Amino acid sequence: MSSNNDAIPLSPPHGTDELMMDPMEPCLSSQNYDEIFTKLTWFVDDTNIYNVIVHNTSDGKLTTKPVNGAIFILNPKTGHLFLKVIHPSVWACRKRVEKFIPFIASEEVASLLRPLPVVNQPNQIIVTREGLSGILEVYMLDFPNTVVRVSELEFPFQAFLKIETFGDVVLKATESEMVLFNIYDDWLESMSPFTAFSRLILILRAVDVDKDKVKMLLKPDKSVVTKAHHVWPSLSDDQWMKVEVALRDVIVTDYAEKKNVKASDLTVSEIRDIILGADITPSSLV
């Protein structure tokens, strides 16, 4: 899959003066979190669309150089993950890159939607950065059955780049390209999309805390293998249960240290919110 970024317009298809007048969709939160499974949903994360490295010039000054970035588009029901690599050539001659970013991301989403029958188009697109929502809403005027929502939950999708399977694709790309992954492997054969997505978020949240620790937990020895075309090591149900407990402990311990609270004082609902990325005040601090 590929697309021509040189053809991306500098303004949305209908102009910002045509923004819809409907009330803003309620933010996704831990209270209405289950709505991502009752409707056909896409998550769009463009946090790493524009990446740069800092280096020294010949005269000793620091300067930045764009490198490959990425957009992640995830269907939490199916586990289909569209990884769009954004080659640095996209930003050539762009003086105000930060203003151009939401147009690039919105056009990529629209490009995925255009060939789809209406029945297969998402009912809602949840963006992880509020700065993307306005421009994307304008692009979605061409898709009246799709609404754009922002999220109060800070999902850890940027952690995909810390995982070799995805990071290597982005790092080694020589042009902009779209790559499709089945992020759930064969999980849906034995569990619901809700459970599979919860496991994914648990892994990504822990990777964001300590990727080396997570790598060791997922593959403790050479006897654990990863099947062809799979993302994650093949573990038994019992092994996964133990891994998930360990991943939760990584997340909770890190949170407790940063917030100066006792991990044992956190309630079950607070731990759930922490894993989901909700901004909470632990009851022990109230």
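Residues in the sequence shown are numbered from -5 upward in steps of one, following the working numbering. For glycine and all other residues, C-beta sits at the position ideal for the given N, C-alpha and C. Just so we're clear, the structure is a prediction, and the values are computed from it rather than from any experiment.
Proximity to residue i [Cα-Cα], best of the options
i	options	result
S100	Y249, I119 and A86	I119
V132	F151, P96, V112 and K216	P96
N341	L107, L126 and R123	Only positions -5 to 280 of the chain appear in this structure, which leaves residue 341 out of reach.
C87	D259, D179, Y178 and K59	K59
R242	V208, N254 and K256	V208
E148	M235, S186, D40 and I129	D40
N45	V91, L130 and D259	V91
F175	D259, N42, F66 and H49	F66
Coarse secondary structure for residue i, derived from DSSP in three states
i	result
T58	strand
P17	In this predicted model, P17 has a pLDDT of only 49, less than 50, meaning its place in the structure is not dependable enough to derive any value.
Q169	It should be noted that the sequence gives Glu, not Gln, for residue 169. E169 falls in the coil class under three-state DSSP.
V141	strand
F149	coil
D162	helix
L182	helix
T32	helix
V255	coil
L270	helix
I43	coil
P276	coil
L260	coil
I265	helix
C-beta neighbour in chain C for residue i, strict 8 Å
i	result
F160	Absent from the structure is chain C; it holds one protein chain and no more.
Supposed contact pair residue j and residue i - C-beta distance, whole angstroms, cut 8 Å
i	j	result
A167	N62	5 Å
V163	V239	Going by Cβ atoms, the distance from V163 to V239 rounds to 30 Å, so no, they are not a contact pair.
S263	E146	With a Cβ gap of about 15 Å, S263 and E146 do not count as contacting.
F160	L77	6 Å
R143	E19	4 Å
L130	V113	Actually they are not in contact, since the Cβ atoms of L130 and V113 sit about 21 Å apart, beyond 8 Å.
K156	V201	5 Å
L196	I269	6 Å
Heavy atom of the ligand PLP within 7 Å of residue i beta-carbon
i	result
I65	Absence of the ligand PLP is noted for the structure shown, with no ligands found whatsoever.
**OP:** Taking 8 Å as the threshold, find out whether the segment 30 to 39 comes into contact with the segment 48 to 57 through three or more Cβ pairs.
**Re:** Flag = no, the segment 30 to 39 and the segment 48 to 57 do not touch.
**OP:** Please confirm if the segment 102 to 122 is in contact with the segment 36 to 46, defined as three or more CB-CB distances below 8 Å between the two stretches.
**Re:** Yes, since at least three Cβ pairs between the segment 102 to 122 and the segment 36 to 46 fall closer than 8 Å, the two stretches touch.
Subject >> 3 or more residues per run - each beta strand (DSSP E) lying fully within the segment 187 to 236 >> reply: Entirely contained in the segment 187 to 236, not one beta strand (DSSP E) run reaches 3 residues.
Original post:
How about the segment 185 to 199 and the segment 69 to 80: do they share at least three Cβ pairs that are nearer than 8 Å?
Top reply: Output reads yes: the segment 69 to 80 touches the segment 185 to 199.
Original post:
Is it true that the segment 221 to 237 meets the segment 265 to 276, where meeting means three or more beta-carbon pairs spaced less than 8 Å apart?
Top reply: No, the segment 221 to 237 is not in contact with the segment 265 to 276.
Subject >> Three CB pairs or more closer than 8 Å across the segment 249 to 266 and the segment 204 to 224 >> reply: Output reads no: the segment 204 to 224 does not touch the segment 249 to 266.
Original post:
What runs of the beta strand (DSSP E), each 3 residues or longer, lie entirely inside the segment 59 to 127?
Top reply: You should have 63 to 68, 74 to 80 and 118 to 121.
Subject >> Contact between the segment 167 to 176 and the segment 76 to 93 (3+ Cβ pairs under 8 Å) >> reply: Yes, they touch.
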